[in-house]
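Numbers -1 to 395, taken from my numbering, label the letters of the sequence shown in order.
Here a beta-carbon is modelled for each residue, glycine too, at the ideal position from N, C-alpha and C.
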Amino acid sequence: MTPPDFLIVGAGIYGITTALELHEQGHSVAILNPDQIPHPLAASTDVSKVVRMEYGSDVEYMAMVDEAIDGWHAWNDQFNDTLYHEVGVILAVRQPMDSGANTWEWESYQNLQKRGHKPERLYPEALADRYPVFDHHNYVDGFYNPRAGFAESGRVVATLTDHARQLGIAVHEGQTAEELVQEDGKVIAVKTREGETFAAGHVIICAGAHTPYLVSDLQPFMRVTGHPVFHINPGNPQAFTPPNFAVFTADVSKSGWYGFPLHPREKIIKIANHGPGLQLHPEHDERVVTDVDEARFRAFLAETFPSLRHDPIVYTRRCLYIDTLDGHFWIDQHPEIGNLTIGSGGSGHGFKMGPVLGRLIATAAEGGSQRWSERFRWRHLSEDTTLEEEARFVESD
Ligand SMILES: Cc1cc2nc3c(=O)[nH]c(=O)nc-3n(C[C@H](O)[C@H](O)[C@H](O)COP(=O)(O)OP(=O)(O)OC[C@H]3O[C@@H](n4cnc5c(N)ncnc54)[C@H](O)[C@@H]3O)c2cc1C
-1 MTPPDFLIVG
9 AGIYGITTAL
19 ELHEQGHSVA
29 ILNPDQIPHP
39 LAASTDVSKV
49 VRMEYGSDVE
59 YMAMVDEAID
69 GWHAWNDQFN
79 DTLYHEVGVI
89 LAVRQPMDSG
99 ANTWEWESYQ
109 NLQKRGHKPE
119 RLYPEALADR
129 YPVFDHHNYV
139 DGFYNPRAGF
149 AESGRVVATL
159 TDHARQLGIA
169 VHEGQTAEEL
179 VQEDGKVIAV
189 KTREGETFAA
199 GHVIICAGAH
209 TPYLVSDLQP
219 FMRVTGHPVF
229 HINPGNPQAF
239 TPPNFAVFTA
249 DVSKSGWYGF
259 PLHPREKIIK
269 IANHGPGLQL
279 HPEHDERVVT
289 DVDEARFRAF
299 LAETFPSLRH
309 DPIVYTRRCL
319 YIDTLDGHFW
329 IDQHPEIGNL
339 TIGSGGSGHG
349 FKMGPVLGRL
359 IATAAEGGSQ
369 RWSERFRWRH
379 LSEDTTLEEE
389 ARFVESD
């Protein structure tokens, strides 16, 4: 059998969108993943992921999401399914937005307007009227952007994978890449833990948190961190159902807390923390939410959504980010090893880019570049590099 032009290792959102894009461009493509797709431990496998344009002063990411949102609508139409729910996003803050204390929110607000969008300022009365679930003594300002929402991420990956199969892309479940076989400095095949060997013209590693373990040159530039996720069963679900509520961030750059309205299928409220997380090994370390995490979560609820503070937590998960040291994606060919491309480095904010990711990674694998390629190129980051994604809560020393 003729080897495929491209073999993709990992069928999360980075891998499956790349497979579809390369197929669209006329290449033969295969993709492999352990166990099943969507994989239960993959970062992409979840009930919901935020889709927001708000990136503070970073207008490039804002532009990327603006384009991605058109893609989310196109997928909803293409698959005749609401995979992306455009319920809007509430950015709530504890000090006046223009007081200098909330640069991420304030700069996002300014940049949205510069791009022609119409975010609605939520002064204290408006916040209290429209979203009474917030504690209005603690949250005094913010804005609502209707061009935002959440994607049902696990269902997105399942839908795209089914579509890939229908198009004739070879989808190999139950295959765990273990070794990149090289000849004359080029990758020619992948050996799996299950004893198979998959030859290919070019290999693309989209293995999420496992990426630096398959390509060890990346270990100085990437870290795997685990982040707590909570599902609450609300006593008053109507109050958290759109339009009474939406995706929210609660002083996120200073607290890490963000979450979702009542889930249309699961009937729970998901809240998580976009903070430093715990450094973990993807295979050796336990992924559990601790009592300390839960106590912090309850304290957050008491200060932010008093009506939820005693409601039952029905599920918890510690989910893994593949962090680059600067927090930007890693999409480029390997500088020394031929026929090898990396598509990873989501750093806790990659899923929303789904509709534009495949083209970015496919372009890199073909040796080309496009509008946003430069910042994701292979780069040498020193150990003291700090995260630059402005919504991310980073504890100060
Ligand atoms: C708690 C949490 C909340 C998040 N919230 C958001 C959000 O609200 N908005 C947002 O935009 N982003 C969010 N993110 C980030 C987003 O989920 C990730 O950036 C994105 O899903 C990463 O996709 P991926 O395809 O790189 O990795 P993954 O989804 O992890 O996929 C990697 C795939 O590779 C497979 N794999 C691993 N090892 C091997 C191997 N050896 N051989 C073959 N296959 C392998 C895995 O099984 C998996 O299927 C969040 C992440 C977490 C953890």
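Query	Result
Under the assumption that P178 contacts G224 (Cβ atoms under 8 Å), give the Cβ distance between them as a whole number of angstroms.	The question names Pro, but residue 178 in the sequence shown is Leu. Actually they are not in contact, since the Cβ atoms of L178 and G224 sit about 26 Å apart, beyond 8 Å.
Within the continuous beta strand (DSSP E) that includes P226, where are the two ends?	M220 to I230
Between which two residues does the alpha helix (DSSP H) carrying I111 extend?	The question names Ile, yet the displayed sequence has Gln at residue 111. Start and end: T101 to K112.
Exposed or buried, K116, counting other C-beta atoms within 10 Å across all chains shown (16 or more means buried)?	exposed
Can you tell me whether A360 is buried or exposed? The criterion is at least 16 other CB atoms within 10 Å of its CB, across all chains shown.	buried
CB-CB under 6 Å to E65, same chain, minus the five flanking residues each way: which ones, in chain order?	V354
Considering only DSSP beta bridges, list what I269 is partnered with.	F228 and G257
Report all residues from its chain with a CB closer than 8 Å to the CB of I186; omit the five preceding and five following residues, and keep chain order.	V179, Q180, A197, A198 and N337
Nearest CA to the CA of T314: which residue from D44, P32, D3 and Y53?	D44
Apply the 10 Å Cβ neighbour rule to Y129 and answer buried if 16 or more other Cβ atoms are within range, or exposed otherwise.	buried
Select from E372, V222, C204 and H347 the residue whose C-alpha is nearest the C-alpha of I14.	C204
Note down the Cα distance separating V392 from V245, rounded to an integer number of angstroms.	21 Å
Within 8 Å, do at least three Cβ pairs link the stretch 229 to 245 to the stretch 80 to 94?	yes
Using only CA atoms, which one of D283, P280, S253 and E284 lies nearest to I269?	S253
Does DSSP classify D44 as helix, strand or coil?	coil
On the three-state DSSP scale, how would you describe Q277?	strand
Mapping DSSP to helix, strand and coil, what is S251?	helix
At the level of alpha carbons, what is the spacing between K189 and A175?	6 Å
Does the Cβ of E387 have 16 or more other Cβ atoms within 10 Å, making it buried, or fewer, making it exposed?	buried
Would you tell me roughly how many angstroms separate the C-alpha atoms of T0 and M51, rounded to the nearest one?	43 Å
Quick one: what's got a C-beta closer than 7 Å to V286's C-beta in the same chain, skipping five residues either side?	R316
In this structure, what does DSSP give as the bridge partners for D321?	R221
Report the rounded CA-to-CA distance for G24 versus P32, giving the unit in angstroms.	26 Å
Name, in chain order, the residues that DSSP records as bridge partners for D330.	I340
If we count the other Cβ atoms within 10 Å of its Cβ and call it buried at 16 or more, is R390 buried or exposed?	buried
Flag L276 as yes when its Cβ comes closer than 7 Å to any non-hydrogen atom of ligand 1, and as no otherwise.	no
What are the partner residues of T314, as DSSP defines its beta bridges?	F228
Name the residue from G273, P235 and F303 whose alpha carbon lies nearest to the alpha carbon of P262.	P235
My assumption, with CB atoms under 8 Å, is that N100 sits in contact with Q93. Please give the rounded CB distance.	6 Å
Rounded to whole angstroms, what is the Cα-Cα separation between Q331 and S367?	11 Å
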